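Visitor: Sequential numbering of the sequence shown, starting at 10, is according to the numbering used here.
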Amino acid sequence: MIKKKRSFISSVLKLSLVLLLNQIGMAKKVKAKNKPKVVVLGAGFGGASCISYLSNFTDLIDLVVVDKNKWIKTCPFSNLVIGNLIDESKITFKPKFNKNIKFVISEFKFIDAERKKILFDDESSLDFDFLIMSPGIGYKSKQIQGYSVNDNENIPHCWDGENKIANFKKGLDSLENNCRIIISSPDYPYRCPPAPYERASMIANYLKGKSVKFKILIFDSKNSFTKKSIFLKEWKEMYGNSIEWVSKQNGGQISRFEKKKVFNSDGEKIKGDFIHIIPEQKAGKIIFDSKLCNNDWCTINPQTFQLFNFKDIYAVGDSVDAGDMPKSAFSAESQAKILSLNLINRILQKSYLNPVFLNTCYSFSSNDRAFSITSWYKLNTTKDRIVSLGSSQSSDDGLNDERIRESKEAFGWYESITKTLYG
Ligand SMILES: Cc1cc2nc3c(=O)[nH]c(=O)nc-3n(C[C@H](O)[C@H](O)[C@H](O)COP(=O)(O)OP(=O)(O)OC[C@H]3O[C@@H](n4cnc5c(N)ncnc54)[C@H](O)[C@@H]3O)c2cc1C
């Protein structure tokens with residue numbers, strides 16, 4: 010299986026490279042007189058990946074990228090900061106884009122799709138010929154009763170790269186022996202399906218390192234979760250009985266939140282010293298403010314990533330409904346490649362590529378121990394949905410060597426993608 014997985018991945022990568030080189034060759038011959046302006050919203054994983062691919066075509070297009078933040082703090086590896094495996098500076102980047110790409114640091118306030126104009130917070134504006142949106146996630150207004158994402162008194166959720174990890178760790182630091190930690194994990198779909206369970210592992214790693222006795226209760230709005238059998242085994246091995254998972258059918262769905270206590274859907278009260286709610290999610294706020302989406306996630310054409318009903322606006326990454334693909338940085342990069350190549354095909358009036366996509370999610374259970382799942386995807390026969398082609402997962406009873414090797418592979422993936430995107 011592993012051999013099959015490797016050869017599939019390597020043929021996908023080779024094919025993409027050949028297609029990219031072909032297109033660069035074609036674009037150099039065409040060299041547009043009036044170059045269309047492509048504006049990219051967001052310099053996170055989806056946006057920066059589009060920039061990385063489209064930067065090969067600046068003879069053909071003018072490229073502008075806009076982000077509200079000058080410094081990008083990545084969610085991948087943020088759990089490792091919580092677990093004290095790495096320092097926060099290791100997940101913080103100041104993007105260095107090519108000189109011929111304009112990087113604007115400003116916040117989108119409204120996208121006027123009719124007039125193809127973006128309005129900013131400071132009342133300035135920017136026109137576009139094509140807009141690519143990758144603003145990440147927003148939060149549902151109807152959360153657990155009594156809980157608000159905006160209440161600074163709550164433990165910060167740390168689910169969107171905003172600058173709150175220090176506060177989260179301050180909360181952990183104040184915990185004493187025999188403390189109880191409650192994590193509420195949301196129902197699908199949400200950003201990075203294994204991340205709540207990796208976070209539990211990293212909290213455990215942190216407290217174990219400080220020799221604090223603890224109990225972590227994960228209350229889940231689902232009846233199962235990705236890589237469950239490996240997580241359960243790893244928790245037992247590394248932390249004894251200190252991490253307990255409660256499924257939805259066993260009362261895992263939290264319906265009410267009060268300071269230092271929660272209530273599940275059976276009305277049972279559970280007290281906690283550190284209550285970490287992972288909020289229910291939907292597409293980035295700007296998309297709803299601009300009335301570009303009627304559902305929780307953007308509906309796109311999965312061959313081109315054009316937004317349904319708006320032919321010159323594209324969306325990628327966590328904000329889109331990508332069928333069977335999970336919301337991950339790896340997925341966002343894989344989608345951005347297809348979006349970029351097919352946008353160039355559109356400009357060159359060539360036919361569209363038929364995409365294949367790839368995703369690998371690594372999760373850490375403690376220092377130097379990681380495991381993964383890799384899945385590949387294609388379009389269904391009617392070309393309106395991304396469907397799974399198969400997947401391969403680390404073994405349940407992986408030996409030390411396998412877990413250590415996968416932790417090195419995870420660092421390799423992270424270093425390589427952040428270097429490619431941010432320089
Ligand atoms: C704890 C955690 C761990 C994770 N670990 C992994 C992992 O190991 N591997 C993996 O593949 N994925 C992981 N993910 C998922 C990954 O972070 C996301 O899937 C990925 O960031 C999606 O990319 P995106 O471009 O859609 O959004 P983002 O990367 O969040 O980028 C969105 C960007 O848009 C900007 N923006 C938003 N609104 C505006 C506006 N109005 N104006 C201007 N700028 C704006 C933001 O500042 C941000 O820079 C993890 C997520 C979490 C929460």
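All C-beta atoms, glycine included, are put in the ideal place defined by N, C-alpha and C. Please read these numbers as outputs of a predicted model, since none were measured by experiment.
#1: With DSSP run on the structure shown, which of helix, strand or coil describes T429?
#2: Take the Cβ of S143 as the centre, count every other Cβ of all protein chains shown within 10 Å, and call the residue buried at 16 or more, exposed below.
#3: Considering only the alpha carbon of each residue, which of L226, A213, V329 and E243 lies closest to R394?
#4: Measuring straight from C-alpha to C-alpha, what distance separates T235 and L72?
#5: Should I6 be listed as close to ligand 1, given that the test is whether its C-beta is under 6 Å from any heavy atom?
#6: Confirm, please, whether the CB-CB distance from I287 to H166 is below 7 Å.
#7: Just list the alpha helix (DSSP H) runs in the region 68-131, keeping only unbroken ones of 4 residues or longer that don't cross its boundaries, in chain order.
#8: Y197: which of I225, Q290, S404 and G145 sits nearest, CA to CA?
#9: Between the alpha carbons of F240 and V90, how many angstroms are there, rounded?
#10: State the Cα-Cα distance for the pair L398 and G332, rounded to the nearest angstrom.
#11: Taking C-beta to C-beta, are V75 and I60 nearer than 7 Å?
#12: Is any heavy atom in ligand 1 found nearer than 6 Å to the beta carbon of P205?
#13: Return yes when the Cβ of V325 is within less than 7 Å of the Cβ of Q312, no when it is not.
#14: Quick one: give me the first and last residue of the alpha helix (DSSP H) that L350 is part of.
#15: Which residues mark the beginning and the end of the beta strand (DSSP E) in which A149 is found?
#16: So if DSSP puts M142 in a beta bridge, which residue, or which two residues, is it bridged to?
#17: Here's the rule I'm using: 16 or more other beta-carbon atoms within 10 Å means buried, otherwise exposed. How should A419 be labelled?
#18: To the nearest angstrom, report how far apart I191 and D405 are at their CA atoms.
#19: Return no unless some Cβ of chain B is closer than 7 Å to the Cβ of S375.
#20: Alpha carbon to alpha carbon, how far is M10 from Q402?
#21: I believe K224 touches S251 by the beta-carbon criterion, under 8 Å. Please report the beta-carbon distance rounded to the nearest angstrom.
#22: Grab me the residues of K327's own chain with a C-beta within less than 6 Å of its C-beta, minus the 5 sequence neighbours each way, in chain order.
#23: Where do the N-terminal and C-terminal ends of the alpha helix (DSSP H) with A292 fall, by residue?
#24: How big is the Cα-Cα spacing for T429 and T101?
#25: Pull up the CB-CB distance for L135 and V49, whole angstroms please, since I reckon it's below 8 Å.
Guide: So, from the listed chains and residues:
#1: For the purposes of this step, residue 429 is taken as residue 420 along the sequence shown, with counting starting at 1. Correct three-state label for T429: helix.
#2: As a working note, residue 143 is residue 134 in the sequence shown. Buried is the call here.
#3: Position 385 of the sequence shown holds residue 394. The candidate whose alpha carbon is nearest that of R394 is V329.
#4: For this step, residue 235 is matched to residue 226 along the sequence shown. For this step, residue 72 is matched to residue 63 along the sequence shown. The alpha-carbon atoms of T235 and L72 are separated by roughly 38 Å.
#5: Beyond the ends of the chain as shown, which are 10 and 432, falls residue 6; an answer cannot be given.
#6: Taking the sequence shown and counting its residues from 1, one reaches residue 166 at position 157. Taking the sequence shown and counting its residues from 1, one reaches residue 287 at position 278. Yes, Cβ-Cβ distance for H166 and I287 is below 7 Å.
#7: 87-91
#8: Along the sequence shown, one-based indexing puts residue 197 at 188. Checking every option, the nearest Cα to that of Y197 belongs to Q290.
#9: The sequence position of residue 240 within the sequence shown is 231, counting from 1. The sequence position of residue 90 within the sequence shown is 81, counting from 1. One C-alpha to the other measures close to 19 Å.
#10: Here residue 398 refers to the residue found at position 389 of the sequence shown. Here residue 332 refers to the residue found at position 323 of the sequence shown. Between L398 and G332, the C-alpha separation is close to 12 Å.
#11: Start at 1 with the first residue of the sequence shown, and residue 75 comes out as number 66. Start at 1 with the first residue of the sequence shown, and residue 60 comes out as number 51. No, Cβ-Cβ distance for V75 and I60 is not below 7 Å.
#12: Start at 1 with the first residue of the sequence shown, and residue 205 comes out as number 196. Checking the Cβ of P205 against ligand 1 gives no.
#13: By 1-based counting over the sequence shown, the position of residue 312 is 303. By 1-based counting over the sequence shown, the position of residue 325 is 316. For Q312 and V325, no; Cβs fall outside 7 Å.
#14: Position 341 of the sequence shown, counting from 1, holds the residue named residue 350. Note, L350: alpha helix (DSSP H), A338 to I356.
#15: By 1-based counting over the sequence shown, the position of residue 149 is 140. For the record, residue 149 in the displayed sequence is Lys; it is not Ala. It is not in any beta strand (DSSP E) - K149 carries neither H nor E in the DSSP assignment.
#16: Here the question's residue 142 lines up with position 133 in the sequence shown. In DSSP, M142 forms a bridge with L50 and A324.
#17: In the sequence shown, the residue the question calls residue 419 occupies position 410. Buried, by the Cβ-count rule.
#18: For the purposes of this step, residue 191 is taken as the residue at position 182 of the sequence shown. For the purposes of this step, residue 405 is taken as the residue at position 396 of the sequence shown. In a straight line, the C-alpha of I191 is about 26 Å away from that of D405.
#19: The structure shown contains no chain B; it holds only a single protein chain.
#20: Stepping through the sequence shown from its first residue, residue 10 is reached at position 1. Stepping through the sequence shown from its first residue, residue 402 is reached at position 393. Because M10 carries a pLDDT of 47, less than 50, the predicted location of this residue cannot be relied on, and no value is offered for it.
#21: To locate residue 224, count along the sequence shown from 1; it is residue 215. To locate residue 251, count along the sequence shown from 1; it is residue 242. Right, the Cβ-Cβ distance comes to about 6 Å (below 8 Å), so this counts as a contact.
#22: Here residue 327 refers to the residue found at position 318 of the sequence shown. Note that residue 327 is Asp in the sequence shown here, rather than Lys. Once the five neighbours on either side are set aside, the close Cβ partners of D327 are G145, I146, R200 and K336.
#23: For the purposes of this step, residue 292 is taken as residue 283 along the sequence shown, with counting starting at 1. That residue, A292, is in no alpha helix (DSSP H); its beta strand (DSSP E) goes Q290 to A292.
#24: Here residue 429 is taken as the residue at index 420 of the sequence shown, counted from 1. Here residue 101 is taken as the residue at index 92 of the sequence shown, counted from 1. Taking the straight line joining both Cα atoms gives about 14 Å.
#25: On the sequence shown, position 126 is the one that residue 135 refers to. On the sequence shown, position 40 is the one that residue 49 refers to. About 11 Å; that fails the 8 Å criterion.
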